[in-house]
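Trainee: Sharing a structure, written as C-alpha cells. Questions coming.
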Ligand code: CLF
Ligand code: SF4
C-alpha cells in the first residue's frame, strides 16, 4: 500500500509557509517508490511541458493543479441560444450563475491574493463573463499586469472565435499558450439553429449568413494558432437533435487543423435560466448519451472528459469553487506575492505524480492477467475524491463523483457526475440520495473513503456495490485491484443501462 502523504493536508490550506513545510515533512514520497517524473510517451517533451500543470489540458494534472478565472470581459459579440446575457458565458460556464465583474487592476490584485493562499494554482484563465476577445483590451491588460508579478503562472483564454483572427499576434506576444474556441458546428445550416445573430464589422448579422461568418472565423483562428504552436482546445456544447451527430464531423475538422483537445460538454438547459433553449424546452443529453458520443469520437481529436463547466470567476481545483473566499471585499489593499508555498507544493507534486503513475502502471499490468471471460466486460466505477488522485473523500461530503471505466485493458477516466452532497450539517438527506442514485446511472460500484450505514443500504438496494476498503489509496490502482478481485462476482446489470 502506498504511504498516505500530506498533499491531502495541503489541500486543507495551511495558514503559513512554515505550517506547510511542517505538513510536507510529515509524509512525503518515500524515496524507494518515487521514480523520475517523465512526460507521457505519446507527446513531444515541449508539449508535455506546456500541459503538465494545466488542469484542463492534462487529466492527470487536474488531480493536483488549480485554475482561476477573473471576470474582466463582460461584453459579447454573438448570441448563443443557450445563453442569457444576465449570466456568464455558457460556453465555459454553467448557466444561471453570475460573477463579480472586475477591472484589470482588481483582477491582478485578486490573482496575487489567490496565488498566496492556493498553492495548487497554476493557470489564470479569462473565460468571460462575455467573450474574452471582444473585450480584448481588458483581457490583455489583465495579463500584462499579472505577468509583472507572477512570471510562473500559465495564461489561458476562452473565446467564441469571432474576433480571434484579429488578436492572434497579441496572444502569442503575451505567451498565452492555451486557447479554447467554442465550436458547435462546421455547417452554417446547423449553426443557424444555435446562433440567432452575430455582431461583426459594425453590423448585426442574422440567419445562416451569421453562422457562415462565425464558422470561417473560427477555422481561420484555429489554423493561425496551431501554426504558431499555441495549444488549442475546442469546446463543443452537445445539443441533442441539433448537433449531437454533427459533432463527429466537428471533431474530424478540428483534428485536421491541429486542435490539441476536444471537449464535448452537455447542454445545461432549464426554463428558469431564461435562455432560448430553456424556454422552448430543448433538453440536454443524459450522462450516458454524452458518454456514448465521447466513445464514438475515440480515434479522432483527443478528448477532454474532465471539464466541470466552471464559472467565469471560478477558483480552485476543477470541481471545487473557492471563489467566494476571494471576493473584492475580502482582498487586502496592499498585497505582494510570496512564491514560496507554490514552489514547495510543486516539488512535492512532482514526486507524488511519479508514485501515482507507477501504481497505475502496476494496476494495468495486473489487469492484463485477469483471465476470466467476464473480464472483457467494462464496468463503470464511481469514486469520491477531494484531489491528489486518491479516494480521500467521505461519501457524505461529495458534490460530485469521478467515474472510471475498467476492464482487462486498464482503468480509464470517463467523466464525472454532479450531485448535491448528501450530508448537510452532519445529517444525511434522503431526497438527495435519490438524486445521487439517478446521477450514477450506468455505474455499478462506488468506492469511497467512508460511508454511513443508511446511504450504503440505499445504494445497495439500488443495485450498486459500495466499498470503503480502498480509503486514501490511489484511484486507478484501487479500481484495478477491486476489478481483479471481483471479476465474476460483480453484478454488471447497471453497467449496461
Ligand atoms: Fe479556464 Fe478554460 Fe482555460 Fe481551463 S476552464 S479558460 S481551459 S483554465 Fe476547464 Fe473549466 Fe472546463 Fe473550461 S474545466 S469550463 S475546460
Ligand atoms: Fe453567451 Fe458566451 Fe455565447 Fe456570448 S459566446 S452569447 S457570452 S454563451
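Numbering (UniProt numbering), first residue to last: 1 to 497. Note that CB positions come from ideal geometry on N, CA and C, so glycine has one too.
Give the secondary structure of residue 101 by DSSP, where H, G and I count as helix, E and B as strand, and everything else as coil.
Mentor: The answer is coil: DSSP assigns residue 101 none of H, G, I, E or B.
Trainee: Can the beta-carbon of residue 379 be found less than 8 Å from the beta-carbon of residue 477?
Mentor: Taking 8 Å as the Cβ cut-off, residue 379 and residue 477 do not qualify as a contacting pair.
Trainee: Only counting the same chain, and skipping five residues up and downstream in sequence, which positions put a Cβ closer than 7 Å to that of residue 84?
Mentor: Closer than 7 Å at Cβ, skipping near neighbours: 95, 273, 274, 275.
Trainee: Less than 7 Å between the CB of residue 131 and some heavy atom of ligand 2, yes or no?
Mentor: Yes - ligand 2 has a heavy atom lying nearer than 7 Å to the Cβ of residue 131.
Trainee: In the DSSP assignment, what are the bridge partners of residue 394?
Mentor: Paired residues: 450.
Trainee: Does residue 404 come out as helix, strand or coil in the three-state DSSP assignment?
Mentor: In the structure shown, residue 404 sits in a strand (DSSP, three-state: E or B).
Trainee: Scan the stretch 190 to 269 and note each continuous alpha helix (DSSP H) run of 4 residues or more that stays entirely inside, going in chain order.
Mentor: Within the stretch 190 to 269, the complete alpha helix (DSSP H) runs of at least 4 residues are 207 to 227, 247 to 256.
Trainee: Where do the N-terminal and C-terminal ends of the beta strand (DSSP E) with residue 61 fall, by residue?
Mentor: First-last for residue 61: undefined, no H or E at that position.
Trainee: Classify residue 392: buried if its beta carbon has 16 or more other beta carbons within 10 angstroms, exposed otherwise.
Mentor: That one is buried.
Trainee: Under the DSSP definition of a beta bridge, which residues are partnered with residue 486?
Mentor: In DSSP, residue 486 forms no bridge with anything.
Trainee: According to DSSP, what are the bridge partners of residue 158?
Mentor: In the DSSP output, where bridge partners are listed per residue, residue 158 has 180.
Trainee: Name the residue from 79, 263, 278 whose alpha carbon lies nearest to the alpha carbon of residue 269.
Mentor: Selected option, being the one with the closest Cα: 278.
Trainee: Using alpha carbons as the reference points, say which of 154, 103, 204 lies closest to residue 142.
Mentor: Of 154, 103, 204, the residue nearest in Cα terms is 103.
Trainee: Whose C-alpha, out of 118, 250, 54, is nearest the C-alpha of residue 345?
Mentor: Closest by alpha carbon: 118.
Trainee: Just checking my contact of residue 158 with residue 180 at CB under 8 Å: how many whole Å lie between their CB atoms?
Mentor: Correct: roughly 4 Å between the Cβ atoms.
Trainee: State the DSSP-derived secondary structure class of residue 477, mapped to helix, strand or coil.
Mentor: Of the three classes helix, strand and coil, the one that applies to residue 477 here is helix, per DSSP.
Trainee: State yes or no: is the C-beta of residue 83 nearer than 7 Å to some heavy atom of ligand 2?
Mentor: Yes, ligand 2 has a heavy atom inside 7 Å of this Cβ.
Trainee: In the DSSP assignment, find the beta strand (DSSP E) that holds residue 335 and state where it starts and stops.
Mentor: Taken as a continuous stretch (DSSP letters only), residue 335 belongs to no beta strand (DSSP E), as it is neither H nor E.
Trainee: Would you report the Cα separation of residue 127 and residue 238, rounded to the nearest angstrom?
Mentor: Distance between the alpha carbons of residue 127 and residue 238: 19 Å.
Trainee: For residue 79, which beta-bridge partners are listed by DSSP?
Mentor: The partner list for residue 79 (beta bridge, DSSP) reads 197.
Trainee: Measuring only the C-alpha atoms, how far is residue 182 from residue 195?
Mentor: C-alpha separation (whole angstroms): 12 Å.
Trainee: Applying the 10 Å Cβ sphere with the 16-neighbour rule, what's the burial state of residue 110?
Mentor: The residue is buried, with at least 16 neighbouring Cβ atoms inside 10 Å.
Trainee: When the Cα of residue 468 is compared with those of 366, 385, 192, 52, which residue comes out closest?
Mentor: Nearest of 366, 385, 192, 52 to residue 468, Cα basis: 385.
Trainee: For residue 43, name the three-state secondary structure that DSSP assigns.
Mentor: Coil, per DSSP.
Trainee: Among the residues of its own chain, which have a CB less than 6 Å from the CB of residue 308, if the five just before and after it don't count?
Mentor: If we look at residue 308 and ignore the five residues flanking it on each side, its Cβ neighbours are 318, 319.
Trainee: Taking DSSP as the reference, what is the three-state secondary structure of residue 146?
Mentor: DSSP places residue 146 in helix when its eight states are reduced to three.
Trainee: In whole angstroms, give me the CA-to-CA distance for residue 414 and residue 305.
Mentor: Taking the straight line from one Cα to the other gives about 6 Å.
Trainee: According to DSSP, which residues form a beta bridge with residue 445?
Mentor: DSSP lists 381, 465 as partners of residue 445.
Trainee: Hey, out of 134, 170, 161, whose CA is closest to residue 144's CA?
Mentor: When each option's Cα is compared against that of residue 144, the closest is 170.
Trainee: Classify residue 203: buried if its beta carbon has 16 or more other beta carbons within 10 angstroms, exposed otherwise.
Mentor: By the neighbour-count rule (16 or more Cβ atoms within 10 Å), residue 203 is not buried but exposed.
Trainee: Tell me the residue span of the beta strand (DSSP E) that contains residue 417.
Mentor: Taken as a continuous stretch (DSSP letters only), the beta strand (DSSP E) holding residue 417 covers 410 to 418.
Trainee: When we look at the beta-carbon of residue 45 and count the other beta-carbons within 10 Å, is it buried (16 or more) or exposed?
Mentor: By the neighbour-count rule (16 or more Cβ atoms within 10 Å), residue 45 is not buried but exposed.
Trainee: Determine the contact status of residue 466 and residue 479, defining contact as a CB-CB distance below 8 Å.
Mentor: No; because the gap between Cβ atoms is not below 8 Å, this pair is not in contact.
Trainee: Assign residue 129 to one of three DSSP states: helix, strand, or coil.
Mentor: Note: residue 129 maps to strand in three-state DSSP.
Trainee: Cβ-heavy atom distance between residue 123 and ligand 1 below 7 Å?
Mentor: Residue 123 Cβ: within cutoff of ligand 1.
Trainee: Can you look up residue 66 in the DSSP assignment and give me helix, strand or coil?
Mentor: DSSP places residue 66 in strand when its eight states are reduced to three.
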